[in-house]
Amino acid sequence: VQLQAYGGGLVQAGGSLRLSCTASGSAASIDIMAWWRQAPGNQREFVARITPGENTTYADSVKGRFTISRDDAKNTVFLQMNSLKPEDTGVYYCVMLPRGSSNNYWGQGTQVTVYS
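See below:
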């Protein structure tokens, strides 16, 4: 399974970005889809996840500002990020768990930089 993420960039604080990530190379549908991020010098941290039933979970730091969604027909997960803060800066990784698999697959990451 290969994951390709898009949508990172440079944005002023208070602005918005929309990330997307598409899985290819597998006939299996995707169970859990998620986003993680890693800021410079920090450990990778959980951002959001969504189940096939579209139940969502968010890190406290992004609740009310970020929205995760999915398009199962395209094996794609989205992350709408609003009211961005400088502390949201980092590399954002999509993660997917194919149905019937115990292996998570990670994308290559996309850089998000928020300046004040």
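Take any residue in the sequence shown, note its place counting from 1, add 23, and you have its number in my numbering. Don't be surprised by glycine CBs; every beta carbon is placed ideally from N, CA and C. A quick note: this is a predicted structure, and the numbers were derived from the prediction, not measured.
What do you reckon, are the CB atoms on residue i and residue j nearer than 8 angstroms?
i	j	result
G130	Q61	no
C44	L33	no
R122	I53	yes
Just verifying my parser: in three-state terms, what is the DSSP assignment at residue i?
i	result
D83	coil
A96	helix
P109	helix
R122	coil
A46	strand
Could you check the C-alpha separation between residue i and residue j for me, to the nearest Å?
i	j	result
F89	S39	9 angstroms
I55	Q35	31 angstroms
D111	N78	23 angstroms
L120	W58	12 angstroms
Among the options, which has the Cα closest to the Cα of residue i?
i	options	result
S106	N126, Y29, S139	S139
G37	N126, Y81, N127, K108	K108
N127	V118, T99, Y81, G76	V118
K86	N98, A46, M104, S49	M104
S47	A96, T80, A71, R41	A96
Ends of the beta strand (DSSP E) at residue i?
i	result
R72	68-73
G32	32-35
R60	53-61
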